[in-house]
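Participant: Quick one: this structure, given as structure tokens, is what I'll be asking you about.
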Amino acid sequence: MRICSVSVPGDGAPRLCAVGGDGRAYPVGSYRDVAELITDGAAGPLGKAVESAGVASDAIGTWDDLAGGGAGESGVRLEAPIRPAEVWAAGVTYERSRAARMSESTEADVYDRVYAAERPELFFKATGARVVGPNAAVGLRSDSTWQVPEAEIGLVLGSGGEVAGYTLGNDMSSRDVEGANPLYLPQAKIFAGACALGPAVVPAEEVEDPYDIGIELTVRRAGEVAFADATSTGALHVTFEKLIEHLYRDNWVAPGTVLLTGTGIIPPDDFTLKPGDVIEISSRAVGVLTNHCVAAGELQPPPGWARRYAEGSR
């Protein structure tokens, strides 16, 4: 089962849908996304929670049409499957990530030490309003010349801190900003369009071995492959359990929080994303998360949010 969220013309809000063996998407109760389902008190396996919420008998589209990015005649579009209260992320969880962070940084030993430390690197990444979904634009900073996608498995956390499901995430990063000084990490990681999730959430009970999830990353530029590589969660240096334990330690964690688990795919140092690039992050179970790059300043903020400071506010 894949659990997704779709927008339907004429509806005021997205609909949570379950995609079954027939490849068709069926609305689930009155929920908008997976976070709502979990926050509403869904207990036990996520797949069972979906069934208990009530799955409609009439489909509103096919997964192939939705995943293809087009709205088709029905106008139904794929949205982020989950808009959590918070998205957190882990860093330096793969050897390749450790080597890359040491290469970019003026304080290289910081990353070497955290790789071997008992305490993992965890940082705040986004709120639900900041998350973008499949086929949406991700942002590129105007003050960075070295920007990369980070393809990651996201853990969808249940009300008791258990892994309820898995999704794909793109932790957009400005390597030169972070490399100049580790204290610039929030600016390198948090900006408009910096966090994409999707295209679906797969219930944890349907993933036989969470340490055998393949992840592929492809960047296309003008229709040609500019970069491609793959990894597996089997290459992780830390366990999901350790990351979760440290996230919850003396912390308040909302049900439905997403924890991105780090990347093991690192483009070469001479690679940077450009406007118009198309990023594809894929996993056989979850699907393909596709996004295109634009200048972050071109993205529309959520309603009521300021794009920049008001004149005279300083």
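Residues in the sequence shown are numbered from 530 upward in steps of one, following the numbering used here.
Where a beta carbon is used, it is the ideal one built from N, C-alpha and C, also for glycine.
Keep in mind that this is a model prediction, so the values were computed, not measured.
If you reduce the DSSP assignment to three classes, tell me which class A693 lands in.
Facilitator: It is a strand residue.
Participant: Shortest alpha-carbon distance to L772 belongs to which of L828, L651, G805?
Facilitator: Measuring from the Cα of L772, the nearest candidate turns out to be L651.
Participant: Which residue's Cα is closest to the Cα of A564: V787, R836, G793?
Facilitator: Comparing Cα-Cα distances from A564 to each of V787, R836, G793, the minimum goes to V787.
Participant: In this structure, does DSSP put T568 in helix, strand or coil?
Facilitator: Correct three-state label for T568: helix.
Participant: Check this for me: beta carbons of G785 and P613, under 8 Å apart or not?
Facilitator: Yes, they are a contact pair.
Participant: Applying the criterion that 16 or more other CB atoms from any shown protein chain within 10 Å of the CB defines a buried residue, is R837 buried or exposed?
Facilitator: Result: exposed.
Participant: Considering Cα atoms alone, identify which of H766, S671, N820 is closest to V643.
Facilitator: Measuring from the Cα of V643, the nearest candidate turns out to be H766.
Participant: What's the gap between the Cα of V754 and the Cα of V748?
Facilitator: Whole-angstrom Cα-Cα distance: 6 Å.
Participant: Indicate whether L607 and P538 have their beta-carbon atoms separated by less than 8 Å.
Facilitator: For L607 and P538, no; Cβs fall outside 8 Å.
Participant: Could you tell me which of A618, V731, A609, A554 sits nearest to Y777, measuring between CA atoms?
Facilitator: Nearest option by C-alpha distance: A618.
Participant: Nearest to A759 by CA position, among A825, A723, P711, E681, is which residue?
Facilitator: Per the Cα distances, E681.
Participant: Who pairs with T821 in a beta bridge, going by DSSP?
Facilitator: It is His, not Thr, that sits at residue 821 in the sequence shown. In DSSP, H821 forms a bridge with A666, V807.
Participant: Is it buried or exposed for W781, if we count other Cβ within 10 angstroms and need 16 for buried?
Facilitator: Counting Cβ neighbours within 10 Å, W781 comes out exposed, since fewer than 16 surround it.
Participant: In whole angstroms, what is the alpha-carbon distance linking G552 and L686?
Facilitator: Whole-angstrom Cα-Cα distance: 26 Å.
Participant: Which term fits D587, buried or exposed, when burial requires 16 or more other beta carbons within 10 angstroms of its beta carbon?
Facilitator: The residue is exposed, with fewer than 16 neighbouring Cβ atoms inside 10 Å.
Participant: Can you find the residues in the same chain that come closer than 6 Å, C-beta to C-beta, to S703, ignoring five residues on each side of it along the sequence?
Facilitator: Here the set comprises R670, S673, Q676, A717.
Participant: Label S559 either buried or exposed according to how many other C-beta atoms from any shown protein chain fall within 10 Å of its C-beta, with 16 as the threshold for buried.
Facilitator: That one is exposed.
Participant: Checking the sheet assignment: what are the DSSP bridge partners for P556?
Facilitator: According to DSSP, P556 bridges with C546.
Participant: Would you identify the three-state DSSP class for R659, choosing helix, strand or coil?
Facilitator: R659: helix per DSSP, three-state reduction.
Participant: Pull the bridge partners of N699 from the DSSP assignment, please.
Facilitator: N699 pairs with A680, A725.
Participant: Rounding to the nearest angstrom, what Cα-Cα distance links S581 and G694 in this structure?
Facilitator: One C-alpha to the other measures close to 17 Å.
Participant: With C-beta atoms as the reference, is A725 less than 8 Å away from G816?
Facilitator: Cβ distance not < 8 Å, so A725 and G816 don't count as in contact.
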